[in-house]
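Residues in the sequence shown are numbered from 2 upward in steps of one, following this note's numbering.
Beta carbons: idealized from backbone N, C-alpha and C, even for Gly.
Bear in mind that the values here come from a model prediction, so they are computed numbers and not experimental data.
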Amino acid sequence: MAEVSIKKLKEYLLANIDNSDLVEVDKVNRYCMLTSTMRKLRAKVNKDGVTITTVNASQEFTKAHPALDKMTAINTQLLNIEKSFRIVSPDTPSTPDNSLDDEELV
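(1) Please say whether Ile-82 and Tyr-13 have beta carbons closer to each other than 8 Å?
(2) For the structure I just gave you, are there three or more beta carbon pairs, one from the stretch 36-44 and one from the stretch 54-63, closer than 8 Å?
(3) Would Ile-75 and Thr-38 be called neighbours here (beta carbons separated by less than 8 Å)?
(4) If we ignore side chains and look at the alpha-carbon of each, how far apart do Asp-48 and Leu-23 end up?
(5) For Glu-25 and Glu-4, I'd like the C-alpha separation in whole angstroms.
(6) Glu-12 by DSSP, collapsed to three states: which one?
(7) Span of the alpha helix (DSSP H) holding Ile-82?
(8) Only counting the same chain, and skipping five residues up and downstream in sequence, which positions put a Cβ closer than 8 Å to that of Leu-69?
(9) If you draw a straight line from the alpha carbon of Asn-17 to that of Thr-36, how long is it in whole angstroms?
(10) Within the same chain, show all residues whose beta-carbon is closer than 7 Å to that of Ala-65, passing over the 5 residues directly before and after it, in chain order.
(11) Where does Asn-30 sit, in a helix, a strand or coil, going by DSSP?
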């Protein structure tokens, strides 16, 4: 599946949040910026490989690509932003209450 453009992603998110809520709009902007950064890091890792060789004077060693740690951190941030979106789309089905009663816990 092809990647969704940042422009289309932003349009979709803005269409599904309350645009009068400036915090939600800011979250969309941050989400799109982080997605763009993630894609750039992924392109760099794809180009360089998941490991890199560092030469330091007479020493040479292989280590994980430093971008992998950054990608993990960005992914965590993206997931947190996703969880915090207050989607207002009318066609979004309501989630059923799957909580358990005290009687069901025994």
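Based on what the coordinates show:
(1) Within the sequence shown, the letter at position 12 stands for residue 13. Within the sequence shown, the letter at position 81 stands for residue 82. In this structure, Ile-82 does not lie closer than 8 Å to Tyr-13 by Cβ.
(2) No, because fewer than three Cβ pairs between the stretch 36-44 and the stretch 54-63 fall closer than 8 Å, the two stretches do not touch.
(3) The residue given as residue 75 occupies position 74 in the sequence shown. The residue given as residue 38 occupies position 37 in the sequence shown. Taking 8 Å as the Cβ cut-off, Ile-75 and Thr-38 qualify as a contacting pair.
(4) For the purposes of this step, residue 48 is taken as the residue at position 47 of the sequence shown. For the purposes of this step, residue 23 is taken as the residue at position 22 of the sequence shown. One detail in the question is off: residue 48 reads as Lys in this sequence, not Asp. If you take the alpha carbons of Lys-48 and Leu-23, they lie about 38 Å apart.
(5) One-based indexing of the sequence shown puts residue 25 at position 24. One-based indexing of the sequence shown puts residue 4 at position 3. Near 23 Å, if we compare the C-alpha coordinates of Glu-4 and Glu-25.
(6) Within the sequence shown, numbered from 1, the residue matching residue 12 stands at position 11. Three-state result, Glu-12: helix.
(7) On the sequence shown, position 81 is the one that residue 82 refers to. Element bounds for Ile-82: 67-85.
(8) Reading the sequence shown from its first residue, position 68 is the one you call residue 69. Take Leu-69, set aside five residues on each side of it, and the residues of its chain with a beta-carbon closer than 8 Å to its own are Val-46 and Val-51, in chain order.
(9) Sequence index remark: in the sequence shown, residue 17 carries index 16 (1-based). Sequence index remark: in the sequence shown, residue 36 carries index 35 (1-based). If you take the alpha carbons of Asn-17 and Thr-36, they lie about 18 Å apart.
(10) Residue numbering aside, residue 65 sits at position 64 when the sequence shown is read from its first letter. Taken in chain order, the residues that qualify are Val-51 and Thr-52.
(11) Here residue 30 corresponds to residue number 29 of the sequence shown, with the count starting at 1. DSSP places Asn-30 in helix when its eight states are reduced to three.
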